[in-house]
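In what follows, a structure is listed as structure tokens, so that the remarks can point back to it.
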Ligand code: NCD
Ligand code: ZN
Ligand code: ZN
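Residue numbers (my numbering): 80 to 433.
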């Protein structure tokens, strides 16, 4: 038996408010605990999106009633909230900027809108960006112009990690996360993910891209699931929404890679705990840990998961390493396949909006 700190997932979609048939704060945080995560940072592309005081208040109210693990809620950067958002900064996980097309209505196209947000959002509070390819290069420039850090969500391609590496070597304030599906899957896996199942943003990339992520592990600050649940019916529909569930498969996949010698336990701890805690300025959770059996061999099956999405791109995959028990603030919140943490036990890690 091995003990890990309570893991932090800086990128999840809880779907509440607005799409609780996909997930809600209760089912999503069940999935988190089952996956060894005791902190989730929730994305703002809900319905309605979280962009102002009433919508942030509403999302946090739902979370406080239903979350089983600790959390913070991102605020979305919209076309009209650059001046009002900073007052909510302390109460949010950070500002999320959608700079490329993805799921949900929050997208900023005009770069002068990006500038307004960079000019106003407090430099001490995180900005995370969905920025692929050249948008990523542009947002790193923007962060430089305003002399503040930026965190790049779900890096997936060789050209991106190579640029991040160069930026870091120059001392630029950029951090990044990579999602397990980009570390463990590539376009060749799409054959096994027919129709809309394989849809995700960023797209699954080429084998060369996947390899470049592994070769540049040293420049990857965080592993983030980008847990983006949609139902099987939605994924099977003519206009399938992009996104994979990930909370319950991330740690087993990483432990399997550790078992195979592709990375060390300390690489998992730094990317799933130490670095996200520093980048997002999260408090320590006292008396909190995860017990794993690093040798347990089992196969991933969606039928055994807690997420409402009821499917996984890793169906049938054999893994080594299993979460046995999760302790959150002295309480057993997960044990042997059962979530014991109750809705409402989770705490907001930021001060409340009054
Ligand atoms: C995410 C979602 O469904 O909310 N989808 C995805 O493919 N990653 C949106 C996002 O993270 O870009
Ligand atoms: Zn995204
Ligand atoms: Zn996402």
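Glycine included, every Cβ here is placed at the ideal spot set by N, Cα and C.
Remember, it's a predicted structure, so these values are computed and weren't measured experimentally.
Under the rule that 16 or more other beta-carbon atoms within 10 Å means buried, what is residue i, buried or exposed?
{"i": "residue 380", "result": "exposed"}
{"i": "residue 318", "result": "exposed"}
{"i": "residue 158", "result": "exposed"}
{"i": "residue 314", "result": "buried"}
{"i": "residue 409", "result": "exposed"}
{"i": "residue 80", "result": "exposed"}
{"i": "residue 155", "result": "buried"}
{"i": "residue 382", "result": "exposed"}
{"i": "residue 109", "result": "buried"}
{"i": "residue 162", "result": "exposed"}
{"i": "residue 249", "result": "exposed"}
{"i": "residue 259", "result": "buried"}
{"i": "residue 316", "result": "exposed"}
Apart from the five residues just before and just after residue i, which ones in its own chain have a Cβ nearer than 8 Å to its Cβ?
{"i": "residue 362", "result": "428"}
{"i": "residue 190", "result": "217 and 221"}
{"i": "residue 98", "result": "125 and 126"}
{"i": "residue 296", "result": "342 and 346"}
{"i": "residue 432", "result": "132, 135, 136, 139, 167 and 170"}
{"i": "residue 419", "result": "410, 411, 412 and 413"}
{"i": "residue 338", "result": "373, 374, 399 and 400"}
{"i": "residue 298", "result": "240, 243, 244, 247 and 255"}
Which residues share a DSSP beta bridge with residue i?
{"i": "residue 87", "result": "118"}
{"i": "residue 320", "result": "None, per the DSSP bridge assignment."}
{"i": "residue 230", "result": "207 and 254"}
{"i": "residue 405", "result": "369 and 413"}
{"i": "residue 237", "result": "Residue 237 pairs with nothing; no bridge assigned."}
{"i": "residue 418", "result": "413"}
{"i": "residue 399", "result": "376"}
{"i": "residue 295", "result": "Paired residue(s): none; residue 295 is not in a bridge."}
{"i": "residue 427", "result": "150"}
{"i": "residue 81", "result": "371"}
Return the chain-ordered list of same chain residues with a C-beta closer than 6 Å to the C-beta of residue i, the five sequence neighbours on each side being excluded.
{"i": "residue 351", "result": "86 and 302"}
{"i": "residue 103", "result": "95"}
{"i": "residue 214", "result": "178 and 179"}
{"i": "residue 234", "result": "240, 255 and 257"}
Output needed for residue i: all residues of its chain with C-beta closer than 7 Å, excluding positions within five of it in sequence on either side, in chain order.
{"i": "residue 181", "result": "209, 280 and 321"}
{"i": "residue 223", "result": "251"}
- Message: Going residue by residue through the stretch 115–176, where are the continuous beta strand (DSSP E) segments of at least 3 residues, counting only ones entirely within it?
- Response: Listed in chain order, the complete beta strand (DSSP E) runs (minimum 3 residues) inside the stretch 115–176 are 116–121 and 149–152.
- Item | At least three beta-carbon pairs within less than 8 Å, the stretch 397–404 to the stretch 325–340 | With the cut-off at 8 Å, the stretch 397–404 and the stretch 325–340 touch.
- What are the complete alpha helix (DSSP H) segments, minimum 4 residues, inside the stretch 327–363? Annotation: the stretch 327–363 contains the following complete segments of the alpha helix (DSSP H) (minimum length 4 residues), in chain order: 329–338, 344–348 and 354–358.
- Please confirm if the stretch 283–293 is in contact with the stretch 142–161, defined as three or more CB-CB distances below 8 Å between the two stretches. Segments in contact, no.
- Message: Within 8 Å, do at least three Cβ pairs link the stretch 302–322 to the stretch 263–270?
- Response: Because the criterion of three Cβ pairs below 8 Å is not met, the stretch 263–270 and the stretch 302–322 do not touch.
- Would you call the stretch 378–392 and the stretch 298–312 in contact, with 3 or more CB pairs under 8 Å? At 8 Å Cβ cutoff, the stretches touch.
- Task: Within the stretch 239–277, note down every full beta strand (DSSP E) run reaching 3 residues or more, in order along the chain.
- Result: Within the stretch 239–277, the complete beta strand (DSSP E) segments of 3 residues or longer fall at 253–257, listed in chain order.
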